[in-house]
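Asks: Add 479 to a position in the sequence shown, counting from 1, and you land on the number used in this note's numbering. From the three backbone atoms N, C-alpha and C, an ideal C-beta is built for every residue, glycine too. Small disclaimer: the values here were computed from a predicted structure and weren't measured.
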Amino acid sequence: MSPVEVSVVIPVYNEEDGLQALFDRLYPALDGLGDSYEVIFINDGSADRSAAMLAAQFHKRPDVTRVVLFNGNFGQHMAILAGFEHTRGKIVITLDADLQNPPEEIPRLVQTMREGHDYVGTIRRQRNDTAFRRYASRAMNGLREKITRIRMTDQGCMLRAYDRNVVDTINACREVNTFIPALAYTFASSPVEIEVGHEQRHAGESKYSLYQLIRLNFDLVTGFSIVPLQWFSAIGTVLSLLSGVLFVVLLIRRFLFGSEVQGVFTLFAMNFFLIGILLFGLGLLGEYVGRIYQEVRDRPRYRIKAVLEADPVRQRTEA
Ligand code: UDP
Ligand code: MG
Numbered sequence: 480m481s482p483v484e485v486s487v488v489i490p491v492y493n494e495e496d497g498l499q500a501l502f503d504r505l506y507p508a509l510d511g512l513g514d515s516y517e518v519i520f521i522n523d524g525s526a527d528r529s530a531a532m533l534a535a536q537f538h539k540r541p542d543v544t545r546v547v548l549f550n551g552n553f554g555q556h557m558a559i560l561a562g563f564e565h566t567r568g569k570i571v572i573t574l575d576a577d578l579q580n581p582p583e584e585i586p587r588l589v590q591t592m593r594e595g596h597d598y599v600g601t602i603r604r605q606r607n608d609t610a611f612r613r614y615a616s617r618a619m620n621g622l623r624e625k626i627t628r629i630r631m632t633d634q635g636c637m638l639r640a641y642d643r644n645v646v647d648t649i650n651a652c653r654e655v656n657t658f659i660p661a662l663a664y665t666f667a668s669s670p671v672e673i674e675v676g677h678e679q680r681h682a683g684e685s686k687y688s689l690y691q692l693i694r695l696n697f698d699l700v701t702g703f704s705i706v707p708l709q710w711f712s713a714i715g716t717v718l719s720l721l722s723g724v725l726f727v728v729l730l731i732r733r734f735l736f737g738s739e740v741q742g743v744f745t746l747f748a749m750n751f752f753l754i755g756i757l758l759f760g761l762g763l764l765g766e767y768v769g770r771i772y773q774e775v776r777d778r779p780r781y782r783i784k785a786v787l788e789a790d791p792v793r794q795r796t797e798a
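Below you can see the structure in the form of structure tokens.
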């Protein structure tokens, strides 16, 4: 098993329209690097011709290509994790298959890593997404950064570089719900961010709906921090103190003015407000309980159907 300098990990889910263009730009960019490299594609249970196209590409460049075939759709991050397990490069780079991250930026990432960093994040120079999505993701980002203390200017961009040690540490993690760049950030000792270009999706549609994006942010917050729970108990404490004061005030008024029956609607408003907070807290608690449930079930995170590689050193079926 000869180590290589650079491993590129690319998750693929129903990308038949864009894959050929990706091959046409990725391989020349890597050939020009002047280092040994390998490309690991993970087919995340695509229903189109993606798997066949990846197999064809493997037969064209078996020296530098490996293909991990999932037998179902387990999500982008599971695909990257499976890819990580099959890398051997000193530097590991992740990339989207849709060409939104230009492969021509890879040499710059490699160079930045060699300047002594063990994690290189990226910021899209000018995002070719809709204004609404840009705004929404900035707002969510700010809140997330406050809560998790993970500094990531642009969490949506998957073109990133990781040091072998960071990848090995990630490989040792067994969590079911995760967000790889955030996980890497927590393990990196010298993280850095650089600006990269960003293009419109080459072909096909985004695989993420708005709901899934919100979900992802929620996962990020609850997966990397228990600050929401702490905030919630703080809110609870403040509210019970306030109710205590209110109780005393009302008691005094009862003795001074006798029974007062006005303010029924105020009572309603306060009740709804408090019940709202209560339900929110219950939901929040549920998020954490759900995570614990998923973890204790301890099911395999994904299943690999086959691995196409020239030297089948490690055949894994599960991680
Ligand atoms: N992807 C995947 N599994 C999924 C969804 C997406 O492997 O269930 C891959 C997809 O093929 C692409 C990358 O993850 O290479 C990012 O997906 P997409 O471009 O749809 O996300 P967006 O850029 O809209 O955030
Ligand atoms: Mg994309």
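1. Hey, out of N493, Q679, G737, whose CA is closest to K551's CA?
2. Would you mind reading off the limits of the beta strand (DSSP E) that contains L787?
3. Let me check one thing: in DSSP terms, what residues is L548 bridge-paired to?
4. Please determine whether the Cβ atom of E494 lies at a distance below 7 Å from any heavy atom of the ligand UDP.
5. At the level of alpha carbons, what is the spacing between G702 and T657?
6. In whole angstroms, what is the alpha-carbon distance linking I705 and E774?
7. The ligand MG and Q605: does any heavy atom of the ligand fall closer than 7 Å to the residue's C-beta?
8. With DSSP collapsed to three states, give me the class of E484.
9. Assess contact between the stretch 524-542 and the stretch 592-608, defined as three or more Cβ pairs (one per stretch) separated by less than 8 Å. Is contact present?
10. Taking the continuous beta strand (DSSP E) assigned at D642, which residues delimit it?
11. I'd like the span of the beta strand (DSSP E) that includes P779, first residue to last.
12. Go ahead and pull the three-state DSSP assignment for T657.
13. Rounding to the nearest angstrom, what Cα-Cα distance links V599 and R778 in this structure?
14. Compare the beta carbon distance of L662 and I673 with 8 Å and say whether it is the shorter of the two.
15. Could you check whether the Cβ of D527 sits closer than 7 Å to any heavy atom belonging to the ligand UDP?
16. Tell me which same chain residues have a C-beta within less than 8 Å of the C-beta of P586, skipping the five on either side of it?
17. Going by the CB atoms, is the gap between D523 and A558 shorter than 8 Å?
18. Using a Cβ-Cβ cut-off of 6 Å (strictly less than) and excluding sequence neighbours within five positions of S486, which residues of its own chain qualify?
19. Tell me the DSSP secondary structure of E594 in three-state form.
20. Alpha carbon to alpha carbon, how far is A798 from F549?
21. Taking all protein chains shown into account, decide if Q794 is buried (16 or more other Cβ within 10 angstroms of its Cβ) or exposed.
22. What is the rounded straight-line gap between the Cα of R732 and the Cα of L753?
23. Report, in whole angstroms, the separation of the C-beta atoms of L758 and L708, which I expect to be a contact under 8 Å.
24. Please return the same chain residues whose Cβ sits closer than 8 Å to the Cβ of T796, not counting the five positions on each side in sequence.
25. Below 8 Å on the Cβ atoms is my contact criterion, and I expect G799 with P581 to pass it. Report the Cβ-Cβ distance as a whole number of Å.
26. For the ligand MG, is there any heavy atom lying closer than 7 Å to the beta carbon of D633?
27. Let me know if S738 comes out buried or exposed under the rule of 16 or more other beta-carbons within 10 Å of its beta-carbon.
28. Any heavy atom of the ligand UDP within a distance shorter than 7 Å of the CB on P586?
29. Among N696, W710, F563, which residue has its Cα nearest to the Cα of I519?
30. Relative to the alpha-carbon of N644, which residue among L622, R630, S668 has its alpha-carbon at the smallest distance?
31. With respect to the beta strand (DSSP E) encompassing P670, which residues constitute its N-terminal and C-terminal limits?
32. Does E739 come out as helix, strand or coil in the three-state DSSP assignment?
33. With which residues is T573 paired in a DSSP beta bridge?
34. Is G842 close to the ligand UDP? I mean its beta-carbon at under 7 Å from any heavy atom of the ligand.
Replies: Result, derived from the coordinates:
1. A small correction: the amino acid at residue 551 is Gly; Lys does not occupy that position in the sequence shown. G551 has its Cα closest to that of N493, out of N493, Q679, G737.
2. Where L787 is concerned, the enclosing beta strand (DSSP E) stretches over 783-787.
3. Looking at the DSSP output, L548 sits in a beta bridge with N522, A785.
4. yes
5. Taking the CA atoms as reference points, G702 sits about 7 Å from T657.
6. 16 Å
7. No - the ligand MG has no heavy atom lying nearer than 7 Å to the Cβ of Q605.
8. coil
9. Not touching, per the Cβ criterion.
10. 639-642
11. Premise fails: P779 is in no beta strand (DSSP E) and is neither H nor E.
12. coil
13. Cα to Cα, V599 sits roughly 31 Å from R778.
14. No; because the gap between Cβ atoms is not below 8 Å, this pair is not in contact.
15. The answer is no for D527.
16. A508, G511, L512
17. For A558 and D523, yes; Cβs fall inside 8 Å.
18. E517, T566, G568, V571
19. coil
20. Because A798 sits at a pLDDT of 41, beneath the cut-off of 50, its placement in the model cannot be relied upon, and the following sentence gives the value as read from the coordinates. Straight-line Cα distance between these residues: approximately 12 Å.
21. Only weak support exists for where Q794 lies, its pLDDT of 46 falling under 50; the coordinates are left without a value.
22. One C-alpha to the other measures close to 23 Å.
23. Actually they are not in contact, since the Cβ atoms of L758 and L708 sit about 15 Å apart, beyond 8 Å.
24. Summary for T796: the model assigns pLDDT 44, below 50, so the residue's position carries little reliability, and this model does not support an answer.
25. Any question about residue 799 goes unanswered here, given that the chain covers just 480 to 798.
26. no
27. The residue is exposed, with fewer than 16 neighbouring Cβ atoms inside 10 Å.
28. no
29. F563
30. S668
31. DSSP places P670 inside the beta strand (DSSP E), whose first and last residues are 670-675.
32. coil
33. V488, R639
34. Summary: the structure shown does not reach residue 842, with the chain confined to residues 480 through 798, and so no result is reported for it.
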